[in-house]
Amino acid sequence: MPSMRPRWTIDAKGHAGHAIEFSPTGDSLYISDGWGNYTYASTQVRRIDLAGGNELVSARLGNSARCWAFALNGTEAIVATDTTKLFRLDRTTLKQKERWDRRVPRWPGDIVWRGTQVAMGGWGRPYVAVFDLGSGHVKRLASGTWPLLAEVMSDILVMAADSGNVYRLQLPEGNLVCLFSTPRVAACAFDVEGGSLWLLLGQRQIVTTQPNVVSVSRPNSHRLRRYDLASGVFEESRLQQPCNALSAGGGVLWAYPIENPARTDL
Numbered sequence: 042m043p044s045m046r047p048r049w050t051i052d053a054k055g056h057a058g059h060a061i062e063f064s065p066t067g068d069s070l071y072i073s074d075g076w077g078n079y080t081y082a083s084t085q086v087r088r089i090d091l092a093g094g095n096e097l098v099s100a101r102l103g104n105s106a107r108c109w110a111f112a113l114n115g116t117e118a119i120v121a122t123d124t125t126k127l128f129r130l131d132r133t134t135l136k137q138k139e140r141w142d143r144r145v146p147r148w149p150g151d152i153v154w155r156g157t158q159v160a161m162g163g164w165g166r167p168y169v170a171v172f173d174l175g176s177g178h179v180k181r182l183a184s185g186t187w188p189l190l191a192e193v194m195s196d197i198l199v200m201a202a203d204s205g206n207v208y209r210l211q212l213p214e215g216n217l218v219c220l221f222s223t224p225r226v227a228a229c230a231f232d233v234e235g236g237s238l239w240l241l242l243g244q245r246q247i248v249t250t251q252p253n254v255v256s257v258s259r260p261n262s263h264r265l266r267r268y269d270l271a272s273g274v275f276e277e278s279r280l281q282q283p284c285n286a287l288s289a290g291g292g293v294l295w296a297y298p299i300e301n302p303a304r305t306d307l
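The numbers in our numbering rise by one with no breaks, and the one at position 214 of the sequence shown is 255.
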């Protein structure tokens with residue numbers, strides 16, 4: 042295995058919840074100040090140069106960012122914060138161009154931007170919310186709890202953990218079309234480049250930690266499935282130890298147990 046050395050490191054402000062995202066052009070990293078012992082008003086989002094790790098620009102949004110969405114073939118981004126706020130920013134300067142602070146669904150975990158609409162999924166939420174940027178109207182589409190959104194080519198795909206359904210979200214109509222069904226899952230991850238959906242089969246078991254009252258998923262599953270997103274055909278394997286989270290991309294799957302994350306080459 043080739044040696045891997047860090048190109049650069051930075052110290053992120055705060056303890057957790059940094060909402061890290063890469064720019065569509067691949068030259069920048071966006072990161073939010075996380076949770077910490079400082080005022081909401083001083084919380085900032087920052088754009089970092091991927092080549093050298095230098096901070097290029099920052100902006101104050103009044104709270105931590107949760108997730109980012111980028112305009113197709115555009116120069117702007119929409120960022121959702123911990124409160125019911127959305128901001129439209131210039132991707133390069135982070136200059137605020139517009140904001141929404143009424144009727145915005147709370148605590149989105151994933152967000153996709155298409156035209157005058159943004160679609161949002163959220164941890165523990167039993168629906169996908171479609172927010173109209175022009176009218177402020179919200180349409181809620183029943184999906185099953187913990188919907189995960191991903192852009193696969195021109196499609197928006199939704200995976201709902203407890204229902205096991207995989208949907209295509211149609212915009213601007215605001216419809217969910219079920220593509221295929223799976224068992225309940227404890228964790229899932231889209232590998233957009235590889236055209237795969239990875240599932241950790243099982244029931245999510247939530248443990249609330251103290252004193253920060255952070256909910257996490259207890260590792261409880263060995264069973265792993267890979268679905269082909271085009272056909273829905275799957276193959277199943279078994280992990281050596283139970284895991285509670287997955288991430289995937291570029292032909293590599295990461296499965297996370299309590300300790301020592303394990304890499305699996307697809």
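From the three backbone atoms N, C-alpha and C, an ideal C-beta is built for every residue, glycine too. This one's a predicted model, so the numbers in the text were calculated from it and none came from an experiment.
Worksheet item: residue 74 and residue 105 look like a contact to me (Cβ under 8 Å); what is the Cβ gap, rounded to whole Å?
Response: 6 Å
Worksheet item: Taking just the CA atoms, how far does residue 203 sit from residue 156?
Response: 30 Å
Fill in: Short Cβ contact (8 Å threshold) for residue 160 with residue 212
yes
Worksheet item: Can you tell which of 133, 96, 174 has the C-alpha that lies nearest to the C-alpha of residue 143?
Response: 174
Discussion item. Using CA atoms only, rank isn't needed, just tell me which of 193, 147, 88, 196 is closest to residue 181.
Written reply: 147
Practice prompt. Have a look at 223, 113, 93, 282 and flag the residue whose alpha-carbon is nearest the alpha-carbon of residue 206.
Written response: 223
Discussion item. Distance check for residue 62 and residue 276, CA to CA, integer angstroms please.
Written reply: 30 Å
Worksheet item: For residue 195, does the three-state DSSP call read helix, strand or coil?
Response: coil
Worksheet item: If you draw a straight line from the C-alpha of residue 100 to the C-alpha of residue 234, how long is it?
Response: 31 Å
Worksheet item: So residue 282 is in the beta strand (DSSP E); what residue range does that whole segment cover?
Response: 275-284
Worksheet item: Beta carbon of residue 226, beta carbon of residue 190: below 8 Å?
Response: no
Practice prompt. May I ask you to report which of helix, strand or coil DSSP gives residue 237?
Written response: strand
Worksheet item: With respect to the beta strand (DSSP E) encompassing residue 216, which residues constitute its N-terminal and C-terminal limits?
Response: 216-222
Discussion item. Based on DSSP bridge pairs, tell me the residues matched to residue 203.
Written reply: For residue 203, which the question treats as bridged, DSSP gives no partner whatsoever.
Discussion item. Within the continuous beta strand (DSSP E) that includes residue 122, where are the two ends?
Written reply: 117-122
Worksheet item: How big is the Cα-Cα spacing for residue 287 and residue 293?
Response: 11 Å
Worksheet item: Using the rule of at least 16 other Cβ atoms within 10 Å of the residue's Cβ for burial, across every protein chain shown, is residue 219 buried or exposed?
Response: exposed
Item to complete: Locate the beta strand (DSSP E) running through residue 158, then write down its first and last residues.
Response: 158-162
Item to complete: Please report how far the alpha carbon of residue 72 lies from the alpha carbon of residue 96, in whole angstroms.
Response: 10 Å
Fill in: Boundaries (first-last residue) of the beta strand (DSSP E) holding residue 52
Neither: residue 52 is in no beta strand (DSSP E) and is coded neither H nor E.
Worksheet item: Which residues in the same chain as residue 291 place their Cβ atom closer than 7 Å to its Cβ, once the five residues preceding and following it in sequence are excluded?
Response: 234
Worksheet item: Does the distance from the C-beta atom of residue 239 to that of residue 267 stay below 8 Å?
Response: yes
Practice prompt. Measuring alpha carbon to alpha carbon, tell me which of 84, 82, 135, 280 ends up nearest residue 98.
Written response: 135
Practice prompt. Starting from residue 70, follow the beta strand (DSSP E) in both directions and report where the run begins and ends.
Written response: 69-73
Worksheet item: Any idea if residue 216 is buried or exposed, counting beta-carbon neighbours within 10 angstroms, 16 or more meaning buried?
Response: exposed
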